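Protein chains in written order, with our numbering: chain U, 9 to 120; chain D, -12 to 101.
Input: a single structure, listed below in C-alpha cells.
Below is the structure:
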C-alpha cells in the first residue's frame, strides 16, 4: 500500500520568511496530493491540492510542487504570518482506491 | 458553505461498552469516510462507504467496527466493545467523487475510553 513520509516534523520560521514542507510517496499510481491544515483541536481543512498532470500550483501565498519521477511533493508558504501556525499534513490518493494516506504532519510555528 | 457535522463532539465511555458516532455528510456527496487520529499522531483511514456498502477498509477496521447509513442523511460508526486503544479523535469526511477529489472533514468526535 501507499506510504507517505513527511519532513520536517517541526518547523519554526520568523514571520515574513518562507516555509517549506516536503513529502515523499511510494505508490507510483497515486495521482492526487492534497495538503491539509489542522489548527489545535479543529478539523483538517484543505488548503491546496495538486494532481499528477500538473507540476506546480499556486494560490496566493501558498504553492505546491510535484515531482512525479522522484515521487515527492512540497508545500511552500511565503510571507508567513502568525495565523499560519498549525499542523500541516500532506496526503496521497489514487483513483484505484478509496482512501487518503496521510503523512505524519509538520507542526509549523511562526515566530512574531 | 456546506459542512460535515458530527455528534457528539466528545464521548466518554467505559471499556467494553458500545458507542455510536454520528455524522451528517454534505448533502450532494456520494462517498463517505471515517478516519481516526490518535493524539499527536497522523490521521489514519478506517473505512470508505459508497452506494450503501463498504468500498474499502483498513486493517484497523476489524469486526468491532461497523458503519451504517440508516437514512438519507446520517452516516454512523459503531464500535461494539470499546478498548482503551480506541481512544482517539474520529473524523467523518465526505466527497463528491472518489478519494482523489477534495474530502471535507467534520469537526471530529473525541472518544475517550476509560
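Beta carbons are placed, not taken as given, at the ideal position from N, Cα and C, and that holds for glycine.
Since the model is a prediction, treat every value here as computed from it, not as a measurement.
Would you kindly work out how many angstroms separate the C-alpha atoms of residue i and residue j, rounded to a whole number?
i                      : j                      : result
residue 6 of chain D   : residue 22 of chain D  : 16 Å
residue 96 of chain D  : residue 75 of chain D  : 8 Å
residue 116 of chain U : residue 95 of chain U  : 6 Å
residue 26 of chain U  : residue 93 of chain D  : 30 Å
residue 34 of chain U  : residue 100 of chain U : 10 Å
residue -7 of chain D  : residue 14 of chain D  : 14 Å
residue 22 of chain U  : residue 44 of chain U  : 21 Å
residue 10 of chain D  : residue -10 of chain D : 11 Å
residue 2 of chain D   : residue 47 of chain D  : 18 Å
How close, in whole Å, do the beta carbons of residue i and residue j come, if the pair is a contact with beta carbons under 8 Å?
i                      : j                     : result
residue 10 of chain U  : residue 38 of chain U : 6 Å
residue 60 of chain D  : residue 18 of chain D : With a Cβ gap of about 15 Å, residue 60 of chain D and residue 18 of chain D do not count as contacting.
residue 114 of chain U : residue 18 of chain U : 7 Å
Kindly indicate which three-state DSSP category residue i falls into: helix, strand or coil?
i                      : result
residue -12 of chain D : coil
residue 42 of chain U  : strand
residue 71 of chain D  : helix
residue 10 of chain U  : coil
residue 58 of chain D  : coil
Is there a C-beta anywhere in chain D that falls below 8 Å from the one on residue i?
i                      : result
residue 81 of chain U  : no
residue 102 of chain U : yes
residue 18 of chain U  : no
residue 63 of chain U  : no
residue 39 of chain U  : yes
residue 90 of chain U  : no
residue 112 of chain U : yes
Please compile the residues from chain U whose C-beta is within a distance smaller than 7 Å of the C-beta of residue i.
i                     : result
residue 95 of chain D : 51
residue 43 of chain D : 105, 106 and 107
residue 35 of chain D : 106 and 107
So which residues of chain D does residue i contact, with C-beta pairs closer than 7 Å?
i                     : result
residue 54 of chain U : 89
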